[in-house]
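Protein chains in written order, with the working numbering: chain B, 1 to 465; chain S, 466 to 930; chain W, 931 to 1395.
So, in structure tokens, the structure goes:
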């Protein structure tokens, strides 16, 4: 840093930039610019009292009035709030043909109908407004690029203006990403405010399901045992019951992740076209499939680990040895049952394979991996392997249930895993229907753009599909 | 989307683009362009009967004849099949100096000697042909960028033409990646057709090995027990045998992943130069090392999980308690054997360390991680840590075998794990040979460009190596 | 490759490039350029005796003297060592206005005060020096882009010069990344030399801690048992003791990863500003937090696996059955203790949840994932979830200790896990202090740029924060 600064300091072509606003962001930006070998001049409403300014390379001028500042530099950073934009109109002559970098963010979304940058462009039509740097934190500006602070997204209508800003960003050590014309500004301004928007719904679903099923199993296993047999099973909550809840939630969410695709298929079949929009609820559902799947994977992981710790549990060890002891005392000899061995082993085995496939799906949905795939490869994994995963996990649960399906229920409440089987079973049946040759054929044609209504256009349909 | 569309709609500088072909892709593209604030005009062979066109922002003209369309816009998307290119020649005058975006794909690879885009450029030399958008799915165009549909690869001979297309792609929300001159078109046209080409061979190997070893262990454990002792062991297939197959396949494939490197080393030593090409089989082998390694990692993962579920298996629990019971009944007392404890513990321990290293190799081969590494770091991990992994896993297996190597074989068939040890042992020996100071020195010199034949050039060799 | 080469060979606009130096890198580069359809001419000090040059497309001229070569091409690659730069001065006239690509690296860091590229620019002010390709291995040039060899970083003062080099890089199949002005050259030249610089310190800490704690537990468990009871516990080293060391190191490093943040908070509170630099040791510490965390995660993973294999260990099985047998023989009956069940289960459960959260932190720190997050999302995960992880893991350890805290120590040495609890406990207490409403409020204001000293500037403070 230091050395670099001094280097570009000695260099002749050291550029002068202007910053309006001496707030936190303005200062951090100035500091960083100085360290990267720019000369910086601040514009402030109170030139003689705008507090300490960065002293990085001793080459910063005392903050001066906006007019003077604006005239000096060809590139001006606006580090001020939208409310203070109005006074800029008075500077219109000085800002003619300058590049105005709008770094502003709003306290919350949709506060204004129009993006700050667009409003700014309206105010000063003569200037080239570029929206940039607003997705960075002041912290990142002081300490350089780090994990979530590598890219500087920018947008604007002037190509040269954008180029100029991109060069500054690059010199500061960030990667500049052009997001197109100024109409993308709103998007950029909303970005720093978002907190996992597309994860909300799936998380609510997950939490809701978990709570529901947890209560159900507690009633069925703990309360029932307490009321009917006066036994205190409460200790089972921590592991045994948790390990009933996790797989159930996981399986349900996994099928929730593939259900919308099947529904969409049937809707398209019914309508005979793919060009009419789906109902909103379906659209929103389809957009959060990935999140649904990843959360389901998380629960599946918990299920696996919880299962693997079973044998080190005090309760299990106690029961096993008690079992052995009683056999001795009562002089019983239990015989080895091959069927049970087959069943249990194969249900472990299938569970493991299902989980491994699931893990594979998760890995391929990592941005860097999916970017490296062609969409044919991606859809192959996510759809073909995805349904295989659903199938394995469902089979795993059926094998777990086995003869349990026939046993009488406690308090008319079927075991929880039976409830978890409804959705995936339905999903698999529907999917099989769609795979029937006749159905599949017409669906494929529809997805290739064919429409039941128009006939004469058929010839051009198979194009590029 | 909506708002943005309307915004750019109100904007004056709304560009007009032309699309030839009203097929699925053409329509989806048109829709997306409209939503992103372009005006779109279609060119069709049947202007008055080309079916429903997207009505996104009500600003689409009725599809008109190609001539008319071509004259209106400076940028033309060709969403038609290669077979229909010929008629374009009639449009040569109208297409002079226009940017032609070729989005076509072929039904299968190597259908034509020449890439579609290159053939197009030959047909209309006056136009600037740019290959782009062909790697996207129509679905991605309708629903915006998603996992495997973020990048728009483009190539062409004219820089401005490429720039223009890149801007459109950016405005549609995709990331434009320049792949160089039009000679890269063939590559781009093959991309959407590929389905894990570099994974084929490794997968075949994996499947073949799995089948082979599975049959072997079934014969040795199940059939043998059935024939010789009339015992039905079949239930062991699901877990016990699977857990014999996985580690073996994993170890063999791991050594297959490092063997070619060693072979290459010996070839270079023998030839005394690194500038002559390796035999094709070796080249192909070296190119799929990464895939071999990742598949091996997958099998290692399965091995781990299958091992961890051992204690919850019915069969195992039964055996253990039966064991205890018999001790009581026959009043035996088994003494604790420290050697066994040492051996088993250390072979678990080494197995775990080996697996962890293996996992580390897998993580560093994620695109985003390996891109962040300098090649010195990458080769350090992949080679140094890689061989350490091989060593650990091999040692793990030897410790597992222990005294078993001396026991008599059933039906002259050695236990499967012995077979798995051949390849890694050979690999380790060869690698050690290459690490002998004298050998290592000359190999290093060769890899730095030195050649046994020429002497006078020696001085310039150590440059930049 | 071949076809492409021939294609661009037939093409008229085939560009001629010049390479100075026929060393390994020079040759590999030439080969690759030829394959990508460039014509190449070499410059060598010994034109008639510079050894075999690549014969890719038969279009390479016999290496000629530098003067001649330089005059032919407008773009010159310098594949020679810095020591040989001097002779270039004699070529100043021929190199006027040419693009000089400096690919040189130095044998070790800080060998020269000034970057090679900058020194070159000084030597030949008339040329446009661009630093590029030096981060690639000769291997990558011969075999095309692969994992750690995808990007070509370049920097230079001339925009067109950089553009020209970027185009060549793209045509060779690499992704060109502009790193700004020539002042970034030093950085680029150091890049290939680095071997995990930011991982050094964390690794040393990890190794040191591991060794220390290992010795401690060996003395406490093995030596003690041997001396006092003459029992040989040594076999416990491989798994039991290892599984004591891993979690302890993991927990300590996890808290080391969050401690600096808290310390920084207190320093800022004390100083009443965030604009004064932290002491160096703290700065360096904060810069390797990510690495500390990832290593801690690795140890946590080992801890988990080592825990899961417990029940398949010979020692454990022996003890369990011996336990059962003794119960029978002595006709004891142990009663089930619900408290123990509660305690053990909940400490397993909390451990698992802690590990899962930890894993989540690890995943989000993957470059591709963190790039996709807004910094608000990233800091939410890394800070909020991070402290939750610390809390869970600490609670896990406390529950493990339980009543153990009161037992007498062997040789006055407390059990190792107690030592591991010091740091995280302190961390949690400090963090809670910072979360006190009053403290939190003033810290937030400071982090938003407010400073205790200046008052009049307060109005502009809340801007953009």
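Note that CB positions come from ideal geometry on N, CA and C, so glycine has one too.
Only a predicted model underlies this, so the values are computations on that prediction, with no experimental measurement involved.
query                                                                                                                        : result
6 Å CB neighbourhood of residue 476 of chain S in its chain, flanking five on each side removed                              : Reliability fails at residue 476 of chain S, whose pLDDT of 42 lies under 50, so the model's placement of it is uncertain and no value is given.
Candidates S:503, S:535, S:891 and S:599, of which the one nearest residue 649 of chain S by Cα                              : S:599
N-terminal and C-terminal residue of the beta strand (DSSP E) that residue 1086 of chain W is part of                        : 1081–1086
Cα-Cα separation between residue 1170 of chain W and residue 1103 of chain W, rounded to whole angstroms                     : 52 Å
Buried versus exposed, by CB contacts within 10 Å (16 or more), residue 1048 of chain W                                      : buried
Closer than 8 Å to chain S by CB, residue 327 of chain B                                                                     : yes
Residue environment, residue 746 of chain S, which counts as buried when at least 16 other CB atoms sit within 10 Å          : exposed
Minimum Cβ-Cβ distance from residue 1113 of chain W to chain D less than 8 Å                                                 : Considering every chain present, this structure includes no chain D. Its protein chains are B, S and W.
Residue 419 of chain B (DSSP reduced to helix, strand or coil)                                                               : helix
Neighbour flag for residue 350 of chain B against chain W, beta carbons, 8 Å                                                 : no
Opposing strand residues paired with residue 593 of chain S [DSSP bridges]                                                   : S:564
Interface residues of the segment 1165–1182 of chain W facing chain S [CB-CB below 9 Å]                                      : 1165, 1166, 1167, 1168, 1169, 1170 and 1172
Segment contact, 8 Å Cβ cut-off, at least three pairs: the segment 245–258 of chain B with the segment 302–315 of chain B    : yes
Residue 330 of chain B, buried or exposed, once every other Cβ within 10 Å from all chains shown has been counted against 16 : exposed
Residue-chain proximity (residue 1376 of chain W, chain B), Cβ-Cβ < 8 Å                                                      : no
At least three beta-carbon pairs within less than 8 Å, the segment 1346–1360 of chain W to the segment 1296–1310 of chain W  : no
Length of the line joining the Cα atoms of residue 1359 of chain W and residue 242 of chain B                                : 30 Å
DSSP-derived helix/strand/coil call for residue 1108 of chain W                                                              : strand
The segment 68–99 of chain B: positions lying closer than 7 Å to chain W by Cβ                                               : 79, 80 and 81
Interface residues of chain W facing residue 836 of chain S [CB-CB closer than 8 Å]                                          : 1077, 1078, 1080, 1081 and 1297
Close Cβ partners of residue 1074 of chain W (< 6 Å) along its chain, the five nearest in sequence each way excluded         : 1103
Under 8 Å between C-beta atoms of residue 483 of chain S and residue 508 of chain S                                          : yes
Nearest-angstrom Cα separation, counted from residue 540 of chain S out to residue 625 of chain S                            : 12 Å
Which residues DSSP lists as bridging residue 193 of chain B, in chain order                                                 : According to DSSP, residue 193 of chain B bridges with nothing at all.
Members of the segment 840–851 of chain S near chain W, C-beta cut-off 7 Å                                                   : 840, 841, 842, 843 and 845
First and last residue of the uninterrupted beta strand (DSSP E) at residue 1006 of chain W                                  : 1005–1008
DSSP three-state assignment for residue 448 of chain B, whether helix, strand or coil                                        : coil
Residue 426 of chain S: contacting residues in chain W (beta-carbon distance under 8 Å)                                      : Residue 426 of chain S lies beyond the residue range present for chain S, which begins at 466 and ends at 930; the question has no answer from this structure.
Whether residue 612 of chain S touches residue 365 of chain B by CB criterion (8 Å)                                          : yes
Delimiting residues of the alpha helix (DSSP H) encompassing residue 1075 of chain W                                         : Run containing residue 1075 of chain W: none; DSSP gives neither H nor E here.
Selection from W:1272, W:1155, W:1130 and W:1137 that minimises the alpha carbon distance to residue 1219 of chain W         : W:1130
Simplified DSSP state of residue 413 of chain B, which is helix, strand or coil                                              : strand
Beta-carbon proximity of residue 1001 of chain W to residue 969 of chain W, cut-off 8 Å                                      : no
Three-state class that DSSP yields for residue 365 of chain B in the structure shown                                         : coil
Residue 1032 of chain W versus residue 1008 of chain W: straight-line alpha-carbon distance, rounded                         : 5 Å
Any C-beta of chain B under 8 Å from that of residue 990 of chain W                                                          : At residue 990 of chain W the pLDDT is 46, less than 50, meaning the model places this residue with poor confidence and gives no usable figure here.
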